[in-house]
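Asker: Numbering (our numbering), first residue to last: 11 to 193.
Let me begin by handing over the structure; questions about it come next.
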Ligand code: 5GP
């Protein structure tokens, strides 16, 4: 099967186009630039899902900032394990700094909640969260992201950093996975 055949067999519907993503990132970055000007900023990206969202967002932020990454895992396959594990360490101190935590999507809320706590424990003065997508009606903990590009329905979505079994992060758009592949 070619890449396109396999993709066709997986995509239920394109939810957000490449054009819409670009436009929304620009608008979000403009708002963040206005809100966060003058802060001592460190952007912390959550690997691997924050790519390509984070690099695209960074190019639009007109702010002085440092960039760091951490890796966390809460998903195995297409179902959340309910446990958040931080893998690896921050390369620089975030003591007293304003951290912008960037992830691909907020679903149950567990990852961002736990990672925010992790960053506060490391001495962050403030943790602001930012996601490409926010799933509607799926929170298991009371936590919302401060900056959101898109709301998506309660379906398994992939593309633009979001994977399907590790693949398809390189799609330039966000799609919903066919129901029969995960339900
Ligand atoms: P949460 O902890 O909020 O439940 O989930 C956050 C993490 O779960 C995200 O960083 C992402 O890796 C993964 N995740 C949640 N929903 C989806 C989804 O629909 N598609 C993909 N590819 N990953 C998801």
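Idealized CB from N, CA, C, for every residue including glycine.
Only a predicted model underlies this, so the values are computations on that prediction, with no experimental measurement involved.
Check whether the Cβ atoms of residue 155 and residue 169 lie closer than 8 Å to each other.
Answerer: Not a contact, by the Cβ cut-off of 8 Å.
Asker: Residues in its own chain within less than 6 Å of residue 160 by CB, not counting five upstream and five downstream?
Answerer: The residues are 26, 143.
Asker: Should residue 189 be listed as close to the ligand 5GP, given that the test is whether its C-beta is under 7 Å from any heavy atom?
Answerer: No, the beta carbon of residue 189 sits no closer than 7 Å to any heavy atom of the ligand 5GP.
Asker: Under 8 Å Cβ to Cβ from residue 74, same chain only, skipping five residues before and after it: list those, please.
Answerer: Excluding sequence neighbours, residue 74 sits near 51.
Asker: Can you tell me the Cα-Cα spacing of residue 40 and residue 115, whole angstroms?
Answerer: Taking the straight line joining both Cα atoms gives about 20 Å.
Asker: Within the continuous alpha helix (DSSP H) that includes residue 130, where are the two ends?
Answerer: Residue 130 -> alpha helix (DSSP H) spans 120-131.
Asker: State yes or no: is the C-beta of residue 121 nearer than 7 Å to some heavy atom of the ligand 5GP?
Answerer: Yes, Cβ of residue 121 sits closer than 7 Å to a heavy atom of the ligand 5GP.
Asker: Applying the criterion that 16 or more other CB atoms from any shown protein chain within 10 Å of the CB defines a buried residue, is residue 191 buried or exposed?
Answerer: Residue 191 comes out exposed.
Asker: Three or more C-beta pairs closer than 8 Å, one from the segment 106-115 and one from the segment 125-132: is that the case here?
Answerer: Judged by Cβ distances under 8 Å, the segment 106-115 makes contact with the segment 125-132, as three or more pairs qualify.
Asker: So residue 109 and residue 151 are in contact, right, with Cβ under 8 Å, and what is the actual spacing, rounded?
Answerer: No, residue 109 and residue 151 are not in contact; Cβ-Cβ is about 19 Å, not under 8 Å.
Asker: Residue 157 to residue 23, Cα distance in whole Å?
Answerer: Whole-angstrom Cα-Cα distance: 25 Å.
Asker: Please report how far the alpha carbon of residue 12 lies from the alpha carbon of residue 178, in whole angstroms.
Answerer: About 13 Å.
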